[in-house]
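Structure, as structure tokens:
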Amino acid sequence: MRLRGRKGIRENLEGQPELVVLDATPHRGKWREFFGNDNPIYVELGMGKGRFISQMSARNPHINFVGVDMYDELLRRASEKARIAWEEKGEEAPPNLALLRANIEGIETMFAPGELTRVYLNFSDPWPKSKHARRRLTHQRFVSKYIEILNERGEIHFKTDSQSLFEFSLNSFADMELVMRNISLHLHKDEPREDLVFTEYEMKFMEKGQPIHRVEVVIGSEVLREHRENKQKSLRDEAAASSDSNDNDTEE
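With the numbering used here applied, the sequence shown corresponds to residues 1 to 252, in that order.
Shown next as structure tokens:
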């Protein structure tokens with residue numbers, strides 16, 4: 001991707017230290033100090049123009065968010081969206097959002113083990129050629145890094161319009177014996193999922209009626225335990241409902 005940025009864009013970013021982080025190294029293991037609280041930290045890798053991460057921060061003030069991208073112009077656009085999203089709340093800058101300029105390749109140098117609670121991968125580059133498979137953000141070499149920096153509540157939420165990338169990703173997660181839930185092959189088939197925040201790409205695809213694929217990957221020990229308990233409860237409830245139905249049929 002080549003982006004033509006405005007003149008003075010670096011100066012613009014440097015003038016927003018409360019929102020824009022140009023070097024993650026000093027913050028590794030200390031992101032809670034940056035935000036000034038102990039709230040969970042959610043990260044979007046490849047935030048694009050920033051609609052998703054800006055809206056998420058405004059909707060969830062009790063959660064800290066970090067949007068990561070490597071292009072100055074995208075950080076500038078994201079910073080504008082973030083400030084607009086928080087204007088109605090009376091905030092000049094989002095208190096729970098950081099926009100980080102960085103290459104995702106080095107994510108383990110940006111965040112310490114167990115520092116994150118959730119990783120969002122939204123419409124990542126599918127890198128369709130087989131020889132580029134290692135560059136896909138759901139390749140096992142990347143997923144291993146996410147697992148390292150996620151904590152006991154850790155999850156990966158992945159959305160894409162690419163069927164081939166989605167199939168590759170499901171296989172990647174399965175090969176690593178990771179638990180997946182809420183798998184959707186057409187997320188907005190019946191109606192838009194208003195409980196979810198849409199990215200710029202997602203809105204365009206929805207208008208065209210293109211399928212959006214989505215999956216949640218359960219990583220952390222605590223959330224994995226809860227997932228299994230909920231699944232067992234659902235099975236018990238189904239068995240009880242089936243038994244009641246059979247009893248009623250017998251009485252009739």
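Heads up, the beta-carbon is just placed ideally off N, CA and C, and yes, glycines get one too.
| query | result |
| --- | --- |
| Limits of the alpha helix (DSSP H) - the one that Ala58 falls within | Arg51 to Arg59 |
| Residue range of the unbroken alpha helix (DSSP H) whose run includes Lys145 | Gln140 to Ile149 |
| Helix, strand or coil at Leu178 [DSSP, three-state] | coil |
| Inter-residue spacing [alpha-carbon to alpha-carbon] between Asn171 and His227 | 20 Å |
| Alpha carbon of Val215 to alpha carbon of Gly154, nearest angstrom | 14 Å |
| Where the beta strand (DSSP E) through Ile41 begins and ends | Ile41 to Leu45 |
| Pairwise C-alpha distance: Asn37 and Val179 | 30 Å |
| Arg2 burial status per 10 Å Cβ neighbour count (16 or more: buried) | For Arg2, the predicted structure reports a pLDDT of 49, less than 50, and the residue's modelled location is therefore unreliable. A value from the coordinates is still provided. By the 10 Å Cβ count, Arg2 comes out exposed. |
| N- and C-terminal bounds of the beta strand (DSSP E) containing Glu216 | His213 to Val218 |
| Residues near Asn182 by beta carbon distance below 6 Å, same chain, minus five either side | Glu216 |
| Among Glu115, Leu99 and Tyr71, nearest to Gln16 - alpha-carbon criterion | Leu99 |
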